[in-house]
Amino acid sequence: MEGTYSAGSIWTSSLFPDRVPAGQVLFTSFVGGAQFARQAQEPEAAQLAAVHQELSRLYDISAAPRWQGRYYWPRSIPQFDQHLAAARAAFAPLAAAGIVAVANWQAGVSVPDCVKHARRVSGELTGSQGEQ
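So this is what it looks like as structure tokens:
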């Protein structure tokens, strides 16, 4: 969806229902990254207000939040930019020497993607099925 304030939100209470009382929802919203760099630099109060406004608009929420908090990690989401070409170039001599290297930028940055990719490569190296 274009024109949003945040990079996205997760319905945390749907994934982990015991984290909130019945009848309440808990969102985890992500503000920042290369496409949302301006928002990441705003004061905390402005971020909290903007995220609440966005969630209210998108999900027809009329009540004020019972709780809001912010955790700030300035380098939390890796950006695969110009440094990626250098990383790929560094892997080429390793591959030529028969050395296999596995990195998160090869098959996705999430932990499940990294594990799945590592298992697939491991399977290829050992001749077993690995995880597809």
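Numbering (my numbering), first residue to last: 11 to 142. For each residue, glycine too, the CB sits at the ideal point set by N, CA and C. Model, not experiment: these values are computed from the prediction.
Suppose you measure from the CA of residue i to the CA of residue j; what does that come to, to the nearest Å?
i	j	result
residue 36	residue 66	13 Å
residue 129	residue 75	42 Å
residue 49	residue 17	10 Å
residue 45	residue 71	26 Å
residue 55	residue 111	43 Å
residue 108	residue 127	18 Å
residue 29	residue 84	26 Å
residue 25	residue 106	43 Å
residue 132	residue 138	8 Å
Under the assumption that residue i contacts residue j (Cβ atoms under 8 Å), give the Cβ distance between them as a whole number of angstroms.
i	j	result
residue 34	residue 23	7 Å
residue 78	residue 94	With a Cβ gap of about 35 Å, residue 78 and residue 94 do not count as contacting.
residue 61	residue 39	5 Å
residue 52	residue 14	With a Cβ gap of about 15 Å, residue 52 and residue 14 do not count as contacting.
Span of the alpha helix (DSSP H) holding residue i?
i	result
residue 23	22-25
residue 66	54-69
residue 45	Counting along the chain, residue 45 falls outside any alpha helix (DSSP H), and DSSP gives it neither H nor E.
Assign residue i to one of three DSSP states: helix, strand, or coil.
i	result
residue 2	No answer is possible for residue 2: the residues shown for the chain start at 11 and end at 142.
How would you write the range of the beta strand (DSSP E) that residue i sits in, first residue to last?
i	result
residue 39	37-40
Within 9 Å (strictly less), CB to CB, does residue i reach chain D?
i	result
residue 78	In the structure shown, chain D cannot be found, because there is only a single protein chain.
### Runs of alpha helix (DSSP H) lying entirely within the region 79-127, each at least 4 residues, in chain order
93-106
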